[in-house]
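Student: Start counting the sequence shown at 3; every next residue gets the next number (this note's numbering).
Note that the Cβ used here is the ideal one computed from N, Cα and C, for glycine as well.
In this text the structure is predicted, and so the values were computed from the model without any measurement.
Below is the structure I would like to discuss, written out as structure tokens.
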Amino acid sequence: MANTDLLDHSTAMAQATGLLHAEIVKLRASGLNARQMAALNAVEAHMSAISDANVAMGDSVRQEQEAANQEQKAAAAEKRSKALPV
């Protein structure tokens with residue numbers, strides 16, 4: 003998967019996680035019994051783990067892109083320096 007595809011995927015996952023969190027807030031506000039609250043807390047914990055993994059993936063992709071950009075800049079600078087008359 004290309005880096006841009008991974009970033010798009012990461013963004014979509016972040017949006018979906020945000021929507022899910024909003025629904026959890028609504029459920030909590032509606033009044034839940036202890037068993038329902040425990041189940042909701044478990045769902046939220048799993049959602050948090052997914053969100054953390056998604057952030058890590060997005061950070062990794064961004065770092066890879068930045069490293070590739072720096073390599074391209076360095077290669078272009080080297081090419082320009084070789085093209086200059088001495």
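Note down the Cα distance separating V27 from L9, rounded to an integer number of angstroms.
Tutor: By one-based count along the sequence shown, residue 27 stands at place 25. By one-based count along the sequence shown, residue 9 stands at place 7. Distance between the alpha carbons of V27 and L9: 27 Å.
Student: What does a CB cutoff of less than 7 Å around A16 pick up in its chain, not counting 5 residues either side in sequence?
Tutor: Mapped onto the sequence shown, residue 16 falls at position 14. Once the five neighbours on either side are set aside, the close Cβ partners of A16 are N56.
Student: Considering only heavy atoms of the ligand ATP, does any lie closer than 8 Å to the CB of V45?
Tutor: In the structure shown, the ligand ATP is absent, as is every other ligand, since no ligand is present at all.
Student: Exposed or buried, which one is G12 when buried takes at least 16 other CB atoms within 10 Å?
Tutor: For this step, residue 12 is matched to residue 10 along the sequence shown. Reading off the sequence, residue 12 comes out as Ser, not Gly. When all chains shown are included, S12 counts as buried.
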